[in-house]
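Scroll down for the structure; my scribbles are underneath it.
2 protein chains.
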Amino acid sequence: MDYKEEIKVFSSFLKRRGLKHTDQREEILKAFLSEEKHLTADDLYLLVMKKNPAIGHATVYRTLKLLCGANLASEIYLKDNRVCYEHKYGHRAHEHMVCVHCGKTIELRIPEIESLVKKVEKEHGFKLNDYALKLSGICAKCGKDTK
Amino acid sequence: MDYKEEIKVFSSFLKRRGLKHTDQREEILKAFLSEEKHLTADDLYLLVMKKNPAIGHATVYRTLKLLCGANLASEIYLKDNRVCYEHKYGHRAHEHMVCVHCGKTIELRIPEIESLVKKVEKEHGFKLNDYALKLSGICAKCGKDTK
DNA sequence: ATGATATTGATAATCAATATCAAGTAGGGG
DNA sequence: CCCCTACTTGATATTGATTATCAATATCAT
């Protein structure tokens, strides 16, 4: 995969902001896209390290913020104050199910939510940016293991 | 208010766990209940300080964990990795709307969610502990201010 | 190519939350 | 009612994730 599409989105975001397109940023973006599951900043750092050990910790953190700004990634906040990042481009999954036992996160698709959320938005005069539904509990696998 | 009910719940929780009912714990619980809005651990610490400056930071943190265990409080995870605590006893609001501008949090009541969540739970063989719906955007007031 | 400006990586700094530990209590059994 | 043991406390040190700092370097419009 070449991620041409996403790289273009990122590039134009950077240009629009007067920022620069660097090798590090592109490498980090590619590594991020290559992993389908959710990543913490540190997970991504380790992934990037394998390709290019010269890239620093801070750069990964910084680039993740940029990716969020470019709407290529979004942050999700899990238990224990951990932050994960997920792909956003071409996605619109804001519903997650997290297993409090093994930590696995499943993305859900609950179309009915959208209309509910819209209704609430109108009722409260809120201008919605985003929403997130998070279910937490014990996943099927862990439920079996602990039985 | 005497919070008799909640104190009893806490007491029996402690006994059940072989833990002790101390003045500090009760004071912290009362302070927590006295404030209707969401609190960070530090907010609560400052509140408790006013009544009893001798109570330490760590004790507040520890007691909040206990309150969660006793189902009197629950944690909510906001942007920037901040954790807040909200009342849980007699509550069942898991729906929040957070203004990304002023930071205000509004508790919602969306009864339809419950059945949606139940459906998903069944579909995935998940054993649900909790769920949280978080809407984020600009609240009516801030929307007006920035117009 | 040049130069203004953004970027990088190493390091130090920050912050909330947690672990440690000696001294102080609670509260059940006698 | 007192003892004893185990739980608690508060001060402090520690952790771990994220950010700030800063000199050296790279980008890109011209």
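Protein sequences appear in the order of chains A and B.
Be aware that the first sequence starts at 2, since it is given in the numbering used here, and climbs by one per residue.
Be aware that the second sequence starts at 2, since it is given in the numbering used here, and climbs by one per residue.
Positions of the beta carbon are idealized from the N, C-alpha and C atoms, including for glycine.
Since the model is a prediction, treat every value here as computed from it, not as a measurement.
Item: Might you give, ordered along the chain, the residues of its own chain that have their beta carbon closer than 6 Å to the beta carbon of A:T60, omitting 5 neighbours on each side?; Value: Q25
Item: Using a Cβ cut-off of 9 Å, pull out every chain A residue sitting near B:G138, in sequence order please.; Value: E122, F127, K128, L129, N130, D131, Y132
Item: Whose C-beta lies closer than 8 Å to the C-beta of B:L45 among residues of the same chain, with five residues either side of it excluded?; Value: I29, A32, F33, E36, V61, L65, Y86
Item: Starting from A:D24, follow its DSSP beta bridges and name the residues at the other end.; Value: Partner(s): none; A:D24 has no beta bridge.
Item: Could you tell me which chain A residues have their CB closer than 8 Å to the CB of B:K119, listed as they occur along the chain?; Value: Here the premise fails: no neighbours, minimum Cβ distance about 10 Å.
Item: Between which two residues does the beta strand (DSSP E) holding B:I107 run?; Value: 106 to 109
Item: A:H125 by DSSP, collapsed to three states: which one?; Value: helix
Item: How big is the Cα-Cα spacing for A:E122 and A:L129?; Value: 7 Å
Item: Who are the near neighbours of A:H97 in its chain, counting only those whose CB is closer than 8 Å to its CB and skipping five residues on each side?; Value: I77, T106, I107, E108, L109, A133, L134, K135, L136
Item: Using CA atoms only, rank isn't needed, just tell me which of A:C100, A:H39, A:Y4 is closest to A:A141.; Value: A:C100
Item: Could you tell me which residues DSSP puts in a beta bridge with A:E76?; Value: A:Y86
Item: So, at 6 Å on beta carbons, what are the nonlocal neighbours of B:L40 in its own chain, with the 5 sequence-adjacent residues on each side left out?; Value: Y86
Item: Examine chain B for any beta-carbon lying closer than 8 Å to the beta-carbon of A:I192, and answer yes or no.; Value: Nothing can be reported for residue 192 of chain A: it is not among the residues displayed for chain A, which extend from 2 to 148.
Item: Measuring only the C-alpha atoms, how far is B:E113 from A:P112?; Value: 13 Å
Item: Establish whether the CB of A:K135 and some CB of chain B are separated by less than 8 Å.; Value: yes
Item: Residues of chain B with CB under 7 Å from A:M50, in chain order?; Value: Ordered by position in chain B, no residue passes the 7 Å Cβ test against A:M50, which lies about 24 Å from the chain.
Item: Where do the ends of the alpha helix (DSSP H) carrying A:H95 lie?; Value: First-last for A:H95: undefined, no H or E at that position.
Item: Taking all protein chains shown into account, do 16 or more other C-beta atoms lie within 10 angstroms of the C-beta of A:E124, making it buried, or fewer, making it exposed?; Value: exposed
Item: Based on the DSSP secondary-structure assignment, which residues constitute the bridge partners of A:K135?; Value: A:H97, B:A133
Item: To the nearest angstrom, how far is it from the Cα of A:K120 to the Cα of B:H22?; Value: 45 Å
Item: Are any of the Cβ atoms in chain B nearer than 8 Å to that of A:K148?; Value: Note that A:K148 scores a pLDDT of 40, beneath 50, so its modelled location is shaky and nothing firm can be said.
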